[in-house]
Amino acid sequence: AFIYTYLGREFSFGEVFPLSKEDRDHVAAFLTKVPELVKSGAIKPNRVKLWEGGLDGIEGRFGVYERRKTQYGETCL
């Protein structure tokens, strides 16, 4: 729900989460810090693995994650 209130939108899913200026101000302040956090290495992007085959190769790669699930007891992405 917070992503909606951060964006200045009301959210309703069983319960109503009204628009929150406090949430929006909080995320706006954080976003001004993101470039420096990335530059300093405090925030690191997720690793990307490029697989051969493009979109057609996706189905064949599910086995990689199933093997990890067996090896580690839970899926590690």
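Counting in the UniProt record's numbering, the sequence shown runs from 1 upward without gaps. Beta carbons are placed, not taken as given, at the ideal position from N, Cα and C, and that holds for glycine.
Beta-carbon contacts of residue i that lie in its chain and below 6 Å, excluding the five residues immediately before and after
i     : result
Val27 : Tyr6
Alpha-carbon to alpha-carbon, residue j and residue i
i     : j     : result
Ile3  : Ser40 : 26 Å
Lys54 : Leu31 : The sequence as given places Gly at residue 54; Lys does not occur at that position. For Gly54 and Leu31, the distance between alpha carbons rounds to 32 Å.
Glu15 : Arg24 : 19 Å
Gly8  : Glu22 : 10 Å
Leu37 : Ser12 : 33 Å
Residue i, DSSP secondary structure in three states
i     : result
Val16 : strand
Pro45 : coil
Leu31 : helix
Glu59 : helix
Glu52 : coil
According to DSSP, residues forming a beta bridge with residue i
i     : result
Phe11 : Phe17
Beta-carbon proximity list for residue i, same chain, < 7 Å, skipping 5 on both sides
i     : result
Arg61 : Trp51
Close Cβ partners of residue i (< 8 Å) along its chain, the five nearest in sequence each way excluded
i     : result
Glu10 : Tyr4, Val16, Phe17, Pro18 and Leu19
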